[in-house]
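K.L.:
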(Lines of atoms letter the chains of each structure in order from A and count residues from 1; the text may use other names and numbers.)
(Lines give C-alpha, C1' and ligand atoms only; values in the text may rest on other atoms or scores of the structure.)
Protein backbone atom coordinates (compact mmCIF):
# COMPACT_ATOMS: atom_id res chain seq x y z
CA UNK A 1 0.00 0.00 0.00
CA UNK A 2 1.21 3.46 -0.83
CA UNK A 3 1.62 6.51 1.37
CA UNK A 4 -0.70 8.55 -0.71
CA UNK A 5 0.46 12.16 -0.62
CA UNK A 6 4.19 11.66 -0.24
CA UNK A 7 4.82 8.64 -2.42
CA UNK A 8 8.41 7.57 -2.87
CA UNK A 9 7.79 5.80 -6.18
CA UNK A 10 5.93 6.71 -9.34
CA UNK A 11 2.63 4.93 -9.87
CA UNK A 12 1.17 4.29 -13.29
CA UNK A 13 -2.35 5.50 -13.88
CA UNK A 14 -3.60 2.04 -14.92
CA UNK A 15 -4.46 1.37 -11.27
CA UNK A 16 -8.05 0.11 -11.44
CA UNK A 17 -8.90 -0.79 -7.87
CA UNK A 18 -11.98 1.41 -7.95
CA UNK A 19 -13.75 2.33 -4.73
CA UNK A 20 -11.99 1.18 -1.59
CA UNK A 21 -12.02 1.76 2.15
CA UNK A 22 -9.89 4.67 3.27
CA UNK A 23 -7.95 2.84 5.95
CA UNK A 24 -6.66 -0.71 6.07
CA UNK A 25 -4.86 -2.39 8.90
CA UNK A 26 -2.39 -5.09 7.92
CA UNK A 27 -0.88 -7.62 10.28
CA UNK A 28 2.87 -7.62 10.73
CA UNK A 29 3.21 -10.97 8.94
CA UNK A 30 1.70 -9.54 5.77
CA UNK A 31 4.92 -9.94 3.80
CA UNK A 32 4.98 -10.13 0.02
CA UNK A 33 1.25 -10.75 -0.22
CA UNK A 34 0.98 -6.97 -0.56
CA UNK A 35 1.80 -7.22 -4.24
CA UNK A 36 -1.08 -9.52 -5.05
CA UNK A 37 -4.50 -8.46 -3.91
CA UNK A 38 -3.66 -4.85 -3.02
CA UNK A 39 -1.79 -3.79 -6.13
CA UNK A 40 -4.38 -5.43 -8.38
CA UNK A 41 -2.12 -5.04 -11.40
CA UNK A 42 1.62 -5.54 -11.48
CA UNK A 43 1.63 -2.28 -13.46
CA UNK A 44 0.71 -0.41 -10.30
CA UNK A 45 2.96 -2.25 -7.89
CA UNK A 46 5.72 0.09 -6.74
CA UNK A 47 7.82 -2.62 -5.12
CA UNK A 48 11.26 -3.15 -6.70
CA UNK A 49 11.80 -6.10 -9.02
CA UNK A 50 13.90 -7.76 -6.35
CA UNK A 51 10.84 -8.10 -4.14
CA UNK A 52 9.50 -10.89 -6.39
CA UNK A 53 5.90 -9.76 -6.11
CA UNK A 54 3.54 -12.68 -6.18
CA UNK A 55 -0.16 -13.33 -5.95
CA UNK A 56 0.38 -16.22 -3.59
CA UNK A 57 -0.58 -15.56 0.02
CA UNK A 58 1.57 -16.85 2.84
CA UNK A 59 0.12 -19.95 4.36
CA UNK A 60 0.73 -22.02 7.40
CA UNK A 61 -0.72 -22.69 10.79
CA UNK A 62 0.10 -21.66 14.29
CA UNK A 63 -0.50 -23.95 17.20
CA UNK A 64 -0.26 -21.23 19.83
CA UNK A 65 -3.60 -19.84 20.91
CA UNK A 66 -4.28 -16.16 21.42
CA UNK A 67 -7.22 -15.31 23.68
CA UNK A 68 -10.43 -16.04 21.80
CA UNK A 69 -9.39 -14.99 18.32
CA UNK A 70 -10.32 -17.53 15.68
CA UNK A 71 -7.56 -17.72 13.12
CA UNK A 72 -9.01 -16.23 9.97
CA UNK A 73 -8.34 -17.90 6.62
CA UNK A 74 -5.95 -16.12 4.31
CA UNK A 75 -7.89 -13.85 1.97
CA UNK A 76 -8.30 -14.81 -1.65
CA UNK A 77 -5.90 -13.17 -4.06
CA UNK A 78 -7.97 -13.76 -7.10
CA UNK A 79 -7.01 -7.17 -3.35
CA UNK A 80 -4.59 18.63 14.86
CA UNK A 81 -1.29 18.87 16.60
CA UNK A 82 1.67 16.70 15.69
CA UNK A 83 0.76 13.01 15.47
CA UNK A 84 -2.96 13.48 15.53
CA UNK A 85 -4.01 10.00 14.46
CA UNK A 86 -7.64 9.33 13.60
CA UNK A 87 -9.73 6.23 13.40
CA UNK A 88 -10.31 5.55 9.76
CA UNK A 89 -10.58 9.24 8.79
CA UNK A 90 -11.63 12.08 10.99
CA UNK A 91 -15.10 12.95 9.62
CA UNK A 92 -15.01 16.38 7.99
CA UNK A 93 -18.23 17.73 9.45
CA UNK A 94 -20.42 14.66 9.62
CA UNK A 95 -20.23 12.54 10.47
CA UNK A 96 6.01 0.10 9.95
CA UNK A 97 8.71 -1.43 9.14
CA UNK A 98 8.74 -5.11 10.08
CA UNK A 99 10.20 -5.42 13.60
CA UNK A 100 13.91 -6.01 13.61
CA UNK A 101 13.81 -8.57 16.40
CA UNK A 102 13.27 -12.23 15.47
CA UNK A 103 10.03 -13.87 16.54
CA UNK A 104 7.71 -16.79 16.06
CA UNK A 105 6.11 -17.76 12.76
CA UNK A 106 3.11 -15.46 12.34
CA UNK A 107 1.41 -16.83 9.24
CA UNK A 108 -1.48 -18.36 11.19
CA UNK A 109 -2.37 -14.92 12.50
CA UNK A 110 -2.46 -13.23 9.11
CA UNK A 111 -5.14 -10.56 8.97
CA UNK A 112 -6.19 -7.60 6.88
CA UNK A 113 -8.54 -5.47 8.96
CA UNK A 114 -10.72 -3.11 6.90
CA UNK A 115 -12.64 -0.20 8.36
CA UNK A 116 -16.12 0.49 7.04
CA UNK A 117 -17.30 4.00 7.92
CA UNK A 118 -21.03 4.63 8.00
CA UNK A 119 -20.76 8.19 6.66
CA UNK A 120 -19.09 7.30 3.33
CA UNK A 121 -22.46 6.59 1.73
CA UNK A 122 -23.36 10.28 2.01
CA UNK A 123 -20.69 11.11 -0.57
CA UNK A 124 -21.54 11.47 -4.23
CA UNK A 125 -20.23 9.81 -7.37
CA UNK A 126 -17.37 7.35 -6.98
CA UNK A 127 -16.96 8.49 -3.39
CA UNK A 128 -20.24 6.89 -2.37
CA UNK A 129 -19.48 3.68 -0.49
CA UNK A 130 -22.08 1.14 0.60
CA UNK A 131 -21.82 -2.13 2.54
CA UNK A 132 -22.12 -4.04 -0.73
CA UNK A 133 -18.98 -2.30 -2.03
CA UNK A 134 -16.78 -4.11 0.49
CA UNK A 135 -14.47 -6.57 -1.24
CA UNK A 136 -14.77 -9.76 0.79
CA UNK A 137 -11.61 -11.07 -0.90
CA UNK A 138 -9.57 -8.15 0.43
CA UNK A 139 -10.35 -8.35 4.14
CA UNK A 140 -10.18 -11.02 6.81
CA UNK A 141 -11.79 -8.72 9.39
CA UNK A 142 -14.16 -5.75 9.07
CA UNK A 143 -14.46 -3.07 11.73
CA UNK A 144 -17.70 -1.07 11.52
CA UNK A 145 -17.17 2.58 12.41
CA UNK A 146 -18.61 3.89 14.57
CA UNK A 147 -20.79 3.43 17.60
CA UNK A 148 -20.50 6.13 20.25
CA UNK A 149 -20.64 6.42 24.02
CA UNK A 150 -23.77 7.97 25.49
CA UNK A 151 -22.64 11.01 27.46
CA UNK A 152 -25.08 10.63 30.35
CA UNK A 153 -25.47 6.86 30.69
CA UNK A 154 -21.95 5.86 29.55
CA UNK A 155 -23.22 2.99 27.43
CA UNK A 156 -22.87 2.13 23.74
CA UNK A 157 -25.36 3.56 21.27
CA UNK A 158 -25.62 3.83 17.50
CA UNK A 159 -24.08 6.95 16.00
CA UNK A 160 -26.32 7.27 12.93
CA UNK A 161 -29.62 5.46 13.34
CA UNK A 162 -30.63 6.38 9.77
CA UNK A 163 -27.71 4.40 8.37
CA UNK A 164 -27.26 1.81 11.10
CA UNK A 165 -30.90 0.82 11.61
CA UNK A 166 -33.23 2.37 9.02
CA UNK A 167 -30.95 1.44 6.13
CA UNK A 168 -29.83 -1.76 7.87
CA UNK A 169 -26.10 -1.04 7.65
CA UNK A 170 -25.43 -3.10 10.76
CA UNK A 171 -27.24 -6.04 9.19
CA UNK A 172 -25.68 -5.57 5.74
CA UNK A 173 -22.11 -5.44 7.05
CA UNK A 174 -22.59 -8.25 9.56
CA UNK A 175 -23.78 -10.35 6.61
CA UNK A 176 -20.13 -10.65 5.57
CA UNK A 177 -19.75 -13.19 8.36
CA UNK A 178 -21.42 -15.63 5.96
CA UNK A 179 -18.37 -15.23 3.72
CA UNK A 180 -16.01 -16.18 6.53
CA UNK A 181 -15.05 -12.68 7.69
CA UNK A 182 -15.06 -11.49 11.28
CA UNK A 183 -17.03 -8.28 11.88
CA UNK A 184 -16.37 -6.08 14.92
CA UNK A 185 -17.99 -2.84 16.03
CA UNK A 186 -15.73 0.17 16.65
CA UNK A 187 -16.57 2.42 19.58
CA UNK A 188 -15.31 5.99 19.66
CA UNK A 189 -13.26 7.70 16.98
CA UNK A 190 -11.73 11.16 16.93
CA UNK A 191 -14.90 13.21 17.30
CA UNK A 192 -16.45 11.00 19.96
CA UNK A 193 -13.26 11.19 22.03
CA UNK A 194 -13.79 14.89 22.78
CA UNK A 195 -14.56 15.72 26.39
CA UNK A 196 -14.45 13.66 29.56
CA UNK A 197 -17.01 10.90 29.04
CA UNK A 198 -14.57 8.06 28.35
CA UNK A 199 -12.50 9.10 31.35
CA UNK A 200 -15.61 9.11 33.52
CA UNK A 201 -16.45 5.63 32.25
CA UNK A 202 -13.10 3.98 32.92
CA UNK A 203 -12.49 5.67 36.27
CA UNK A 204 -15.72 4.37 37.80
CA UNK A 205 -15.92 0.66 38.67
CA UNK A 206 -19.71 0.92 38.72
CA UNK A 207 -19.83 2.53 35.28
CA UNK A 208 -17.46 -0.10 33.90
CA UNK A 209 -19.64 -2.96 35.16
CA UNK A 210 -22.73 -1.40 33.61
CA UNK A 211 -20.90 -0.78 30.34
CA UNK A 212 -19.53 -4.32 30.08
CA UNK A 213 -22.95 -5.89 30.61
CA UNK A 214 -24.62 -3.57 28.10
CA UNK A 215 -21.98 -3.87 25.38
CA UNK A 216 -22.18 -7.68 25.46
CA UNK A 217 -25.94 -7.41 24.93
CA UNK A 218 -25.48 -4.83 22.16
CA UNK A 219 -22.98 -6.96 20.25
CA UNK A 220 -25.17 -10.04 20.61
CA UNK A 221 -28.32 -8.20 19.50
CA UNK A 222 -26.77 -6.98 16.24
CA UNK A 223 -24.58 -9.98 15.52
CA UNK A 224 -21.10 -8.47 15.83
CA UNK A 225 -18.12 -10.72 16.53
CA UNK A 226 -16.39 -8.28 18.82
CA UNK A 227 -15.58 -4.74 19.93
CA UNK A 228 -12.83 -2.38 18.78
CA UNK A 229 -12.03 0.31 21.35
CA UNK A 230 -11.07 3.63 19.77
CA UNK A 231 -10.78 6.14 22.58
CA UNK A 232 -8.35 8.83 21.41
CA UNK A 233 -6.70 8.76 23.94
CA UNK A 234 -6.52 7.74 27.60
CA UNK A 235 -4.93 10.62 29.56
CA UNK A 236 -4.14 12.44 26.28
CA UNK A 237 -7.62 13.48 25.20
CA UNK A 238 -7.41 14.21 21.47
CA UNK A 239 -3.61 14.26 21.85
CA UNK A 240 -3.57 16.80 24.69
CA UNK A 241 -1.83 14.98 27.55
CA UNK A 242 -2.62 17.83 29.95
CA UNK A 243 -6.37 17.25 29.74
CA UNK A 244 -6.88 13.83 31.29
CA UNK A 245 -6.03 12.49 34.75
CA UNK A 246 -3.11 10.12 35.25
CA UNK A 247 -5.62 7.50 36.44
CA UNK A 248 -6.88 7.05 32.86
CA UNK A 249 -3.95 4.75 32.13
CA UNK A 250 -4.65 2.14 34.80
CA UNK A 251 -8.42 2.54 34.52
CA UNK A 252 -8.46 1.92 30.76
CA UNK A 253 -6.41 -1.21 31.39
CA UNK A 254 -8.98 -2.27 33.99
CA UNK A 255 -11.78 -1.87 31.45
CA UNK A 256 -9.88 -3.97 28.94
CA UNK A 257 -9.37 -6.75 31.53
CA UNK A 258 -13.04 -6.71 32.51
CA UNK A 259 -14.19 -6.82 28.90
CA UNK A 260 -11.83 -9.74 28.28
CA UNK A 261 -13.33 -11.66 31.19
CA UNK A 262 -16.85 -11.06 29.90
CA UNK A 263 -15.95 -11.80 26.27
CA UNK A 264 -14.07 -15.05 26.85
CA UNK A 265 -17.09 -17.31 27.52
CA UNK A 266 -18.83 -15.88 24.44
CA UNK A 267 -15.87 -16.10 22.07
CA UNK A 268 -16.00 -12.37 21.32
CA UNK A 269 -13.03 -10.51 19.86
CA UNK A 270 -11.53 -7.52 21.64
CA UNK A 271 -9.18 -5.07 19.94
CA UNK A 272 -8.15 -1.46 20.23
CA UNK A 273 -6.99 1.27 17.86
CA UNK A 274 -4.07 2.97 19.59
CA UNK A 275 -1.76 5.94 19.18
CA UNK A 276 1.58 5.66 17.35
CA UNK A 277 3.08 8.47 19.44
CA UNK A 278 5.63 7.55 22.11
CA UNK A 279 4.40 10.45 24.22
CA UNK A 280 0.82 9.19 24.21
CA UNK A 281 1.83 5.55 24.62
CA UNK A 282 3.86 6.31 27.74
CA UNK A 283 1.18 8.51 29.28
CA UNK A 284 -1.97 6.60 28.42
CA UNK A 285 -1.42 2.87 27.94
CA UNK A 286 -0.54 -0.01 30.24
CA UNK A 287 0.99 -1.80 27.27
CA UNK A 288 1.60 -5.13 29.02
CA UNK A 289 -2.05 -5.41 30.07
CA UNK A 290 -3.25 -4.52 26.59
CA UNK A 291 -0.92 -7.09 25.06
CA UNK A 292 -2.23 -9.78 27.38
CA UNK A 293 -5.94 -9.07 26.93
CA UNK A 294 -6.49 -7.78 23.39
CA UNK A 295 -6.74 -10.01 20.34
CA UNK A 296 -4.91 -7.38 18.33
CA UNK A 297 -3.59 -3.86 18.73
CA UNK A 298 -4.20 -1.62 15.71
CA UNK A 299 -1.48 1.02 15.71
CA UNK A 300 -2.64 4.15 13.90
CA UNK A 301 0.60 4.75 12.02
CA UNK A 302 -0.68 7.70 10.01
CA UNK A 303 -1.43 11.40 10.42
CA UNK A 304 2.02 11.95 11.89
CA UNK A 305 1.96 15.23 10.00
CA UNK A 306 -0.69 17.37 8.35
CA UNK A 307 -1.83 20.92 7.71
CA UNK A 308 -2.02 21.57 11.47
CA UNK A 309 1.81 21.66 11.48
CA UNK A 310 1.78 24.74 9.22
CA UNK A 311 4.47 23.09 7.13
CA UNK A 312 4.61 20.11 4.81
CA UNK A 313 5.36 16.64 6.14
CA UNK A 314 4.82 12.96 5.45
CA UNK A 315 1.43 11.70 6.61
CA UNK A 316 2.69 8.15 7.20
CA UNK A 317 6.48 7.88 7.02
CA UNK A 318 7.77 4.34 7.19
CA UNK A 319 11.17 5.38 8.59
CA UNK A 320 12.68 8.41 10.31
CA UNK A 321 13.67 11.27 8.04
CA UNK A 322 16.60 13.39 9.13
CA UNK A 323 14.57 16.55 8.61
CA UNK A 324 11.70 15.44 10.85
CA UNK A 325 11.34 17.24 14.17
CA UNK A 326 10.50 14.05 16.06
CA UNK A 327 12.61 10.89 15.90
CA UNK A 328 9.61 8.75 16.86
CA UNK A 329 7.21 10.08 14.20
CA UNK A 330 7.42 7.08 11.87
CA UNK A 331 5.87 3.64 11.58
CA UNK A 332 9.13 1.78 12.15
CA UNK A 333 9.67 3.39 15.53
CA UNK A 334 6.01 3.13 16.60
CA UNK A 335 5.60 -0.53 15.79
CA UNK A 336 8.88 -1.53 17.39
CA UNK A 337 8.10 0.56 20.47
CA UNK A 338 4.77 -1.19 21.02
CA UNK A 339 6.56 -4.53 20.68
CA UNK A 340 9.38 -3.55 23.02
CA UNK A 341 6.85 -2.42 25.64
CA UNK A 342 5.15 -5.80 25.71
CA UNK A 343 2.70 -6.45 22.87
CA UNK A 344 3.38 -9.80 21.13
CA UNK A 345 4.41 -9.34 17.51
CA UNK A 346 1.56 -11.56 16.34
CA UNK A 347 -0.93 -9.11 17.89
CA UNK A 348 0.44 -6.01 16.18
CA UNK A 349 -1.60 -4.69 13.26
CA UNK A 350 -0.17 -1.71 11.39
CA UNK A 351 -2.48 1.01 10.08
CA UNK A 352 -2.08 2.06 6.45
CA UNK A 353 -3.86 5.16 5.14
CA UNK A 354 -5.37 5.19 1.67
CA UNK A 355 -5.59 8.96 1.81
CA UNK A 356 -3.23 11.87 2.10
CA UNK A 357 -2.93 15.13 3.98
CA UNK A 358 -2.60 18.12 1.67
CA UNK A 359 -1.20 21.60 2.13
CA UNK A 360 -1.57 25.14 0.83
CA UNK A 361 1.98 26.30 0.19
CA UNK A 362 3.21 29.75 1.09
CA UNK A 363 5.20 29.75 -2.18
CA UNK A 364 4.54 27.36 -5.05
CA UNK A 365 8.23 27.17 -5.87
CA UNK A 366 9.06 26.00 -2.35
CA UNK A 367 7.35 22.64 -2.20
CA UNK A 368 9.70 20.21 -0.48
CA UNK A 369 9.60 18.67 2.95
CA UNK A 370 9.10 21.20 5.77
CA UNK A 371 8.04 23.93 3.33
CA UNK A 372 5.90 26.61 4.93
CA UNK A 373 2.21 25.83 4.51
CA UNK A 374 -0.11 28.29 6.26
CA UNK A 375 -3.29 26.36 5.51
CA UNK A 376 -4.87 23.14 4.30
CA UNK A 377 -4.95 22.08 0.68
CA UNK A 378 -8.09 22.35 -1.41
CA UNK A 379 -10.86 19.92 -0.48
CA UNK A 380 -11.39 16.91 -2.70
CA UNK A 381 -14.41 16.60 -4.97
CA UNK A 382 -15.89 13.71 -3.01
CA UNK A 383 -14.48 13.76 0.52
CA UNK A 384 -14.95 17.54 0.75
CA UNK A 385 -12.53 18.07 3.63
CA UNK A 386 -9.86 20.75 3.32
CA UNK A 387 -6.39 19.30 3.79
CA UNK A 388 -7.50 15.78 2.95
CA UNK A 389 -7.65 13.72 -0.24
CA UNK A 390 -8.72 10.11 -0.66
CA UNK A 391 -6.49 7.88 -2.76
CA UNK A 392 -8.96 7.82 -5.64
CA UNK A 393 -8.99 11.63 -5.60
CA UNK A 394 -5.19 11.72 -5.74
CA UNK A 395 -5.17 9.31 -8.68
CA UNK A 396 -7.79 11.38 -10.50
CA UNK A 397 -5.67 14.50 -10.08
CA UNK A 398 -2.54 12.64 -11.20
CA UNK A 399 -4.30 11.57 -14.39
CA UNK A 400 -5.03 15.20 -15.25
CA UNK A 401 -1.46 16.46 -15.05
CA UNK A 402 1.75 15.47 -16.77
CA UNK A 403 3.77 16.19 -13.63
CA UNK A 404 2.63 16.10 -10.03
CA UNK A 405 4.49 16.82 -6.82
CA UNK A 406 3.61 14.37 -4.07
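In the UniProt record's numbering, the protein residues as written are 1 to 406. We put the beta carbon where it would ideally sit given N, CA and C, even for glycine. Please read all numbers here as calculations on a predicted model, not as lab measurements.
(1) Looking only at C-alpha atoms, which of 384, 394 and 181 sits nearest to residue 122?
(2) Between 305, 312, 375 and 296, which lies nearest to residue 112 when the distance is taken from Cα to Cα?
(3) Would you check if there are 3 or more beta carbon pairs closer than 8 Å linking the segment 178-185 to the segment 134-141?
(4) Just the C-alpha distance for residue 393 and residue 353, rounded to the nearest angstrom, thanks.
(5) Got a sec: is the Cβ-Cβ distance from residue 308 to anything in chain D below 7 Å?
(6) Under a Cβ-count criterion, where at least 16 other Cβ atoms within 10 Å of its own Cβ denotes burial, should residue 169 be classed as buried or exposed?
(7) Would you check if the segment 305-323 and the segment 242-260 touch, i.e. whether three or more CB-CB distances between them fall below 8 Å?
(8) Keeping to the same chain, check which residues put their C-beta closer than 7 Å to that of residue 130; ignore five residues upstream and five downstream.
(9) Taking residue 352 as part of the beta strand (DSSP E), name the residues at either end of that continuous run.
(10) In chain order, which continuous runs of the beta strand (DSSP E) of length 3 or greater are located wholly inside the segment 139-177?
(11) By DSSP, does residue 365 sit in helix, in strand, or in coil?
(12) Assign residue 282 to one of three DSSP states: helix, strand, or coil.
(13) Look at the alpha carbon of residue 109 and the alpha carbon of residue 359, and state the distance between them as a whole number of angstroms.
(14) Just to confirm, are residue 347 and residue 286 a CB contact at a threshold of 7 Å?
(15) Beta strand (DSSP E) containing residue 319: first to last residue?
(16) Sorted by chain position, which residues of the same chain lie with C-beta nearer than 8 Å to residue 245's C-beta, five sequence neighbours on each side aside?
(17) Classify residue 209: buried if its beta carbon has 16 or more other beta carbons within 10 angstroms, exposed otherwise.
(18) Taking the alpha-carbon of residue 193 as reference, which of 224, 163, 212 and 273 has the nearest alpha-carbon?
(19) Thinking C-beta only, is residue 351 closer than 7 Å to residue 301?
(20) Please name the residue in 205, 368, 139 and 115 whose C-alpha comes closest to that of residue 146.
(21) Per DSSP, what kind of secondary structure is residue 378 in: helix, strand or coil?
(22) Report all residues from its chain with a CB closer than 7 Å to the CB of residue 294; omit the five preceding and five following residues, and keep chain order.
(23) Got a sec, what are the start and stop residues for the beta strand (DSSP E) residue 115 sits in?
(24) Between the segment 358-378 and the segment 326-338, do three or more beta carbon pairs fall short of 8 Å?
(25) Specify the secondary structure class of residue 125 as computed by DSSP and reduced to three states.
(26) Can you check whether the CB of residue 127 is closer than 7 Å to the CB of residue 382?
P.N.:
In this structure, then:
(1) 384
(2) 296
(3) Flag = yes, the segment 178-185 and the segment 134-141 touch.
(4) 14 Å
(5) Looking for chain D here will not work: only one protein chain is present.
(6) buried
(7) no
(8) 121
(9) 348-353
(10) 141-149 and 156-158
(11) Secondary structure at residue 365: coil, using DSSP grouped into helix, strand and coil.
(12) helix
(13) Distance between the alpha carbons of residue 109 and residue 359 is about 38 Å.
(14) no
(15) Neither: residue 319 is in no beta strand (DSSP E) and is coded neither H nor E.
(16) 199, 203 and 235
(17) It counts as exposed.
(18) 273
(19) Yes.
(20) Checked all of 205, 368, 139 and 115; the closest Cα to residue 146 is 115.
(21) coil
(22) The residues are 256, 270, 271, 272 and 347.
(23) 112-117
(24) no
(25) Look at residue 125 here: in three-state DSSP terms it is helix.
(26) yes
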